[in-house]
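Heads up: the structure comes next, in structure tokens.
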Amino acid sequence: MPQVILGAGIKTVAIHKLTLGDVWHGTTMLGKNETIKRKITERWRVFFLFLAIAILWALTSQLPNLGWIAKRDYSIFGAPLLEEAFKGVIVYPILVALYLRFNKTSWRKLGLLVGPISGLIAGFIFGILEGVLQGESIQNILSAVVTHSFWAAAVGIGISSYLLAGKKGHLIGIYFMVVFAHGIWNYNTYHPSALAHLIATALVLLVIPIALLTYPKIHKGGSPCFGDVMGFTNYLII
Numbered sequence: 000m001p002q003v004i005l006g007a008g009i010k011t012v013a014i015h016k017l018t019l020g021d022v023w024h025g026t027t028m029l030g031k032n033e034t035i036k037r038k039i040t041e042r043w044r045v046f047f048l049f050l051a052i053a054i055l056w057a058l059t060s061q062l063p064n065l066g067w068i069a070k071r072d073y074s075i076f077g078a079p080l081l082e083e084a085f086k087g088v089i090v091y092p093i094l095v096a097l098y099l100r101f102n103k104t105s106w107r108k109l110g111l112l113v114g115p116i117s118g119l120i121a122g123f124i125f126g127i128l129e130g131v132l133q134g135e136s137i138q139n140i141l142s143a144v145v146t147h148s149f150w151a152a153a154v155g156i157g158i159s160s161y162l163l164a165g166k167k168g169h170l171i172g173i174y175f176m177v178v179f180a181h182g183i184w185n186y187n188t189y190h191p192s193a194l195a196h197l198i199a200t201a202l203v204l205l206v207i208p209i210a211l212l213t214y215p216k217i218h219k220g221g222s223p224c225f226g227d228v229m230g231f232t233n234y235l236i237i
């Protein structure tokens, strides 16, 4: 009889530990993912700001043709500010839709990739449409696709950090960095020189690494971590 009681006690303890583990996993880990997803659905203010700027771009894009502003000045100072916002309008809903489908494993594996990949897609589409509508040569279209893809990828990284961690400062900083790089590239188009071309090309190549290296750390006690660029390969493997 005592042996039966002892055996029952051991089984009870084992079941009790398993239940606690299940409860912890179900409430703590799942709760953090649901909290992040809820925050994502609440962070639409920046999207509407991008949308307003994109609408402004649509309304002002014909000003150079009307002679109200020099095409060179619009290309250097106006177009970069407005076009990058337009790409943000494309990237924003893509990221929201994707992030809301992720589980806790996907957070760790794809956090650093989804933002730039969405941006690359948006930039690719934008570059082709812009080149075709403006009747550019194949060489110029390919150049536009590359540059717009890099700029949009950096913007996508900034949007990603805002959606997942509410880092508006990071997004704003990345956005204006891309606008500056875009403006320098357009400046080089109208005032070509070896130095201007070198600076413009360097800025195109640097926007994505700078966006990644300044990406804020989001992890804390088991929630996603996307900021540790040096340990990026670990997140692909785990």
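Residue numbers (numbering that gives the first Met the number 0): 0 to 237.
We put the beta carbon where it would ideally sit given N, CA and C, even for glycine.
Computed from a prediction, not measured in an experiment: that's the story for all the values here.
Could you please give the first and the last residue of the uninterrupted alpha helix (DSSP H) stretch that includes tryptophan 150?
-> Mapped onto the sequence shown, residue 150 falls at position 151. Unbroken alpha helix (DSSP H) run through tryptophan 150: 137-164.
Skipping 5 residues on each side, what residues in its chain have a beta carbon closer than 8 Å to that of threonine 188?
-> For the purposes of this step, residue 188 is identified with residue 189 of the sequence shown, where counting begins at 1. For threonine 188, where only same-chain residues beyond five positions count, the Cβ hits under 8 Å are Ser74.
If we count Cβ pairs, one from each stretch, closer than 8 Å, do we get three or more for the stretch 116-123 versus the stretch 87-102?
-> yes
Use the C-beta contact count for histidine 190: other C-beta atoms within 10 angstroms, 16 or more gives buried, fewer gives exposed.
-> Translated into positions along the sequence shown, residue 190 becomes position 191. With fewer than 16 Cβ atoms within 10 Å of its Cβ, histidine 190 is classed as exposed.
Out of curiosity, what's the CA-to-CA distance linking serine 60 and arginine 42?
-> As a working note, residue 60 is residue 61 in the sequence shown. As a working note, residue 42 is residue 43 in the sequence shown. Straight-line Cα distance between these residues: approximately 29 Å.
Top-ranked residue by Cα proximity to methionine 176, from Ala210, Arg71, Leu81 | Counted from its first residue, the sequence shown places residue 176 at position 177. With distances taken between Cα atoms, methionine 176 lies closest to Ala210.
Counting pairs of beta carbons, one from the stretch 132-143 and one from the stretch 197-204, are three or more of them closer than 8 Å?
-> The stretch 132-143 is not in contact with the stretch 197-204.
Unbroken stretches of the alpha helix (DSSP H), 4 residues or longer, contained in the stretch 164-214 | 167-189, 193-212
Look at the Cβ atom of glycine 182, then the Cβ atom of proline 79, and state whether they are nearer than 8 Å.
-> Numbered from its first residue, the sequence shown carries residue 182 at position 183. Numbered from its first residue, the sequence shown carries residue 79 at position 80. Yes, the Cβ-Cβ distance between glycine 182 and proline 79 is below 8 Å.
Relative to the C-alpha of isoleucine 35, which residue among Val203, Ser159, Ser136, Phe179 is closest?
-> In the sequence shown, residue 35 corresponds to position 36, counting from 1. Closest option to isoleucine 35, judged by alpha-carbon separation, among Val203, Ser159, Ser136, Phe179: Ser159.
Mind checking which residues open and close the alpha helix (DSSP H) that includes tryptophan 56?
-> On the sequence shown, residue 56 is found 57 positions in, with the first residue counted as 1. It spans 44-59 - the alpha helix (DSSP H) in which tryptophan 56 sits, taken as one unbroken run.
For the alpha helix (DSSP H) that contains glycine 87, what are its first and last residues?
-> Within the sequence shown, residue 87 is the residue found at index 88, counting from 1. It spans 78-98 - the alpha helix (DSSP H) in which glycine 87 sits, taken as one unbroken run.
CA nearest to the CA of arginine 100, picked from Lys167, Ala164, Arg37 = Locating residue 100 in the sequence shown gives position 101, counting from the first residue. In terms of CA proximity to arginine 100, Arg37 leads the group Lys167, Ala164, Arg37.
Answer with buried or exposed for phenylalanine 47, where buried requires no fewer than 16 other C-beta atoms within 10 angstroms of its C-beta.
-> As a first step, residue 47 must be located in the sequence shown, where it is residue number 48. With fewer than 16 other Cβ atoms within 10 Å, it is exposed.
So, leucine 94 versus leucine 162, is the Cβ gap smaller than 8 Å?
-> The sequence position of residue 94 within the sequence shown is 95, counting from 1. The sequence position of residue 162 within the sequence shown is 163, counting from 1. Cβ distance < 8 Å, so leucine 94 and leucine 162 count as in contact.
In whole angstroms, what separates the C-alpha of alanine 151 from that of leucine 111?
-> Here residue 151 corresponds to residue number 152 of the sequence shown, with the count starting at 1. Here residue 111 corresponds to residue number 112 of the sequence shown, with the count starting at 1. Each residue's alpha carbon lies about 15 Å from the other.
Could you check which residue in Arg71, Val113, Glu82, Trp184 has the C-alpha nearest to that of leucine 50?
-> For the purposes of this step, residue 50 is taken as residue 51 along the sequence shown, with counting starting at 1. For leucine 50, the closest alpha carbon among the candidates Arg71, Val113, Glu82, Trp184 is that of Glu82.
Put isoleucine 39 into one of helix, strand or coil per three-state DSSP.
-> Within the sequence shown, numbered from 1, the residue matching residue 39 stands at position 40. It is helical.
Measuring CB to CB, does histidine 169 end up less than 8 Å from glycine 157?
-> Here the question's residue 169 lines up with position 170 in the sequence shown. Here the question's residue 157 lines up with position 158 in the sequence shown. Against a cut-off of 8 Å, the Cβ pair of glycine 157 and histidine 169 comes out as a contact.
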